[in-house]
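Protein chains in written order, with the working numbering: chain A, 1 to 127; chain B, 1 to 82. In this text, a Cβ means the ideal position worked out from N, Cα and C, and glycines have one as well.
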Amino acid sequence: MWADDSETKVLYVQTHGVAEPGRSATPFFLAASAAAMEFEVMIYFTMYGPTLLRKDVVDKIGPKGDQGQPLRYFIEQATDLGVRLLVCQPSLDLNDLRLEDLIDGVEMIGGAAFNNLAVSADAVISF
Amino acid sequence: MSEFPAAGADLVVDCTGLACPLPVVKTAQAIKTLAQGQVLELIATDPGVEPDMRAWTSRTGNDLLGIDKRADAFHILIRRMK
Numbered sequence: 001m002w003a004d005d006s007e008t009k010v011l012y013v014q015t016h017g018v019a020e021p022g023r024s025a026t027p028f029f030l031a032a033s034a035a036a037m038e039f040e041v042m043i044y045f046t047m048y049g050p051t052l053l054r055k056d057v058v059d060k061i062g063p064k065g066d067q068g069q070p071l072r073y074f075i076e077q078a079t080d081l082g083v084r085l086l087v088c089q090p091s092l093d094l095n096d097l098r099l100e101d102l103i104d105g106v107e108m109i110g111g112a113a114f115n116n117l118a119v120s121a122d123a124v125i126s127f
Numbered sequence: 001m002s003e004f005p006a007a008g009a010d011l012v013v014d015c016t017g018l019a020c021p022l023p024v025v026k027t028a029q030a031i032k033t034l035a036q037g038q039v040l041e042l043i044a045t046d047p048g049v050e051p052d053m054r055a056w057t058s059r060t061g062n063d064l065l066g067i068d069k070r071a072d073a074f075h076i077l078i079r080r081m082k
């Protein structure tokens, strides 16, 4: 799934969701920085992570709750630079979500694809 | 280090008051609008901008011409190399 073997590749893993807004934005910051460094970057949302991508959430909360910039701002900062967002079905089930409940552009993968991305990345950074 | 060429920059990116990662992100976007060999001046107040721009230029292959820490802000000159 990595597009270019010759690029430096970083995979972020976000396990925290809407219950902990203070943990929501940093993976997007770091992913945007990495993409600006011309790295190939993906963020995998598992456990409670997919709740951060809900259409009905991204405009309502940000890292400081309902104050300051909402999540959409940080998400788009990253995706505008080419960062790809990934989820898996069991994590959607855990949060009673369907892919249609999430913002556009989120890609569905599974455990084998995740592990393959991880072992072929130059760094895997988990939150 | 201080004397940048008076007309050294082809483009100024003012990130005064903006925090990480915006100076890096805006620099990465802006430098793509320059031709190879042209110079970008980044003005930033984020206290982490110096190590950030050293890392960014070394990774992207652009040339860090100088970092001038003035009273108001960091002024960073970068030449687009590729």
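Per DSSP, A:Ser24 lies in no alpha helix (DSSP H) and is assigned neither H nor E. DSSP, read as helix, strand or coil, puts B:Asp72 in coil. Rounded to the nearest angstrom, the gap between the Cα atoms of A:Leu92 and A:Thr46 is 8 angstroms. Taking C-beta separations shorter than 6 angstroms and ignoring five residues to either side along the sequence, the partners of A:Phe74 in its chain run Ala25, Phe28, following chain order. For A:Arg84, the beta-bridge partners assigned by DSSP are A:Met42. Assignment of beta-bridge partners to A:Gly65 by DSSP yields A:Gly62.
For A:Ala31 against A:Val18, the beta-carbon gap comes to about 19 angstroms, at or over 8 angstroms, which does not count as contact. Look at B:Val49 here: in three-state DSSP terms it is helix. In the three-state scheme derived from DSSP, where H, G and I count as helix and E and B as strand, A:Arg98 is classed as coil. Interface annotation for the segment 30-42 of chain A against chain B: Ala32, Ser33, Ala36, Met37, Glu38, criterion Cβ-Cβ distance under 7 angstroms.
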